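Asker:
Number of protein chains: 2
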Amino acid sequence: MPDTPATPIPVLDTDLAEITYNADGLVPAIVQEHSTGQVLMMAWMNEATLKRSPTEGRTVFWSRSRQEEWRKGDTSGERQFIRSASYDCDGDTLLFVVDQEGQGACHTGNHSSFFRAFGADAGA
Amino acid sequence: MPDTPATPIPVLDTDLAEITYNADGLVPAIVQEHSTGQVLMMAWMNEATLKRSPTEGRTVFWSRSRQEEWRKGDTSGERQFIRSASYDCDGDTLLFVVDQEGQGACHTGNHSSFFRAFGADAGA
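Residue numbers (numbering that gives the first Met the number 0), protein chains in the order written: chain A, 0 to 123; chain B, 0 to 123.
Take a look at the structure:
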């Protein structure tokens, strides 16, 4: 059972009508942690998973490699409970602010997927 | 002249070798504000603008609509000075943390491009 209850957000047709999908029917979804502001990951949604995510209150993505729906945390236990969701001026990128469960968002065990900095190995 | 001086970051071949581009030779770049943690926008880079951005210390994107390099703020005056840059575990998404100049990142005049929340018009 989730420690952080899911908070469903209504999915309005007026919002969905603003979203633009790419040639594969997908739209990028940025995931940001509510408590820290940290950007955790970016993944992709199709229309079905975009509808499903706010409705369930958890992030659900479309896996391009596996070509299937991927409800974040179902296998890893590291679920993301949505606090708010928005879309950008062009309607071609989504932003989900979440409570991240468990160790983090990245399958490597890092809290954020963005754990490699450009120039980090440049030396002093 | 910039109020916030650009801070060039070395672009290492070892970092660039980790980056995966899509079929159009592009990679999505998330831009986050350093001072607030706010996610400002997402745009696209090709290899040339990815090299140019950290080197110049300012975000330079590839405009898919205009099919040309787009150095953020050159026409609007709302430049983005890079504080740090990283890439995700799959090497297919970039994250730039910046100081945002001027009114904001969005051509609509909003500080962030993500100013429309899902369900905002759902009523009480």
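Backbone N, C-alpha and C fix where the C-beta goes; we use that ideal spot for every residue, glycine too.
Computed from a predicted model, the values in this text were never measured in an experiment.
(1) Have a look at Pro9(A), Glu46(A), Ala119(A) and flag the residue whose alpha-carbon is nearest the alpha-carbon of Pro53(A).
(2) Out of curiosity, what's the CA-to-CA distance linking Gly108(A) and Gln37(A)?
(3) Any Cβ of chain B within less than 8 Å of the Cβ of Ala84(A)?
(4) Closer than 7 Å, Cβ to any Cβ of chain B: which residues of the region 50-75 of chain A, in chain order?
(5) Identify the continuous beta strand (DSSP E) that holds Arg70(A) and give its terminal residues.
(6) Less than 8 Å between C-beta atoms, sequence neighbours within five positions excluded: which residues of the same chain meet that for Gln102(A)?
(7) Can you tell me where the beta strand (DSSP E) holding Asp98(B) begins and where it ends?
(8) So, is Thr58(B) buried or exposed, given that buried needs 16 or more other C-beta atoms within 10 angstroms?
(9) Who are the neighbours of Gly118(B) on chain A, taking C-beta pairs under 8 Å?
(10) Along the region 103-118 of chain B, where does the CB come closer than 9 Å to a CB of chain C? Name the residues.
(11) What are the residues that DSSP puts in a beta bridge with Ser83(A)?
(12) Taking just the CA atoms, how far does Ala104(B) sit from Gly118(B)?
(13) I want to verify the contact list: residues of chain B whose CB lies under 7 Å from the CB of Thr92(A), in sequence order.
(14) So with Cβ pairs under 8 Å, would you call Ala121(A) a contact of chain B?
(15) With Pro27(A) and Pro27(B) assumed to form a contact (beta carbons below 8 Å), what rounded beta-carbon distance in angstroms separates them?
(16) Smallest Cα separation from Ala116(B): which of Phe80(A), Cys88(A), Ala116(A)?
(17) Buried or exposed: which applies to Ala42(A), given that a residue is buried once 16 or more other Cβ atoms fall within 10 Å of its Cβ?
(18) Would you say Val38(B) faces chain A, with C-beta separation under 8 Å as the test?
Answerer: Taking the definition as stated:
(1) In the first sequence, residue 53(A) corresponds to position 54, counting from 1. Considering only alpha carbons, the answer is Pro9(A).
(2) The sequence position of residue 108(A) within the first sequence is 109, counting from 1. The sequence position of residue 37(A) within the first sequence is 38, counting from 1. Rounded to the nearest angstrom, the two C-alpha atoms are 15 Å apart.
(3) Position 85 of the first sequence, counting from 1, holds the residue named residue 84(A). Output row for Ala84(A): interface = yes.
(4) Pro53
(5) Here residue 70(A) refers to the residue found at position 71 of the first sequence. Here the beta strand (DSSP E) through Arg70(A) covers 67-70.
(6) Within the first sequence, the letter at position 103 stands for residue 102(A). Only Glu77, Gly108, His110 meet the Cβ criterion.
(7) As a working mapping, residue 98(B) is identified with position 99 in the second sequence. Its beta strand (DSSP E) spans residues 93-99.
(8) The residue labelled residue 58(B) in the question sits at position 59 within the second sequence. When all chains shown are included, Thr58(B) counts as buried.
(9) As a first step, residue 118(B) must be located in the second sequence, where it is residue number 119. The contacting residues are Ile8, Pro9, Val10, Leu11, Asp14, Pro53, Ala84.
(10) Of the protein chains in this structure, namely A and B, none is chain C.
(11) The residue given as residue 83(A) occupies position 84 in the first sequence. DSSP output for Ser83(A) lists Val96(A) as bridge partner(s).
(12) Stepping through the second sequence from its first residue, residue 118(B) is reached at position 119. Stepping through the second sequence from its first residue, residue 104(B) is reached at position 105. About 23 Å.
(13) Residue numbering aside, residue 92(A) sits at position 93 when the first sequence is read from its first letter. Result: Met41.
(14) Taking the first residue of the first sequence as position 1, residue 121(A) is located at position 122. Judged by the 8 Å Cβ criterion, Ala121(A) is in contact with chain B.
(15) Position 28 of the first sequence holds residue 27(A). Position 28 of the second sequence holds residue 27(B). Yes, they are in contact, since the Cβ atoms of Pro27(A) and Pro27(B) sit about 6 Å apart, within 8 Å.
(16) For this step, residue 116(B) is matched to residue 117 along the second sequence. Here the closest residue by C-alpha is Cys88(A).
(17) To locate residue 42(A), count along the first sequence from 1; it is residue 43. Result: buried.
(18) In the second sequence, the residue the question calls residue 38(B) occupies position 39. Output row for Val38(B): interface = yes.
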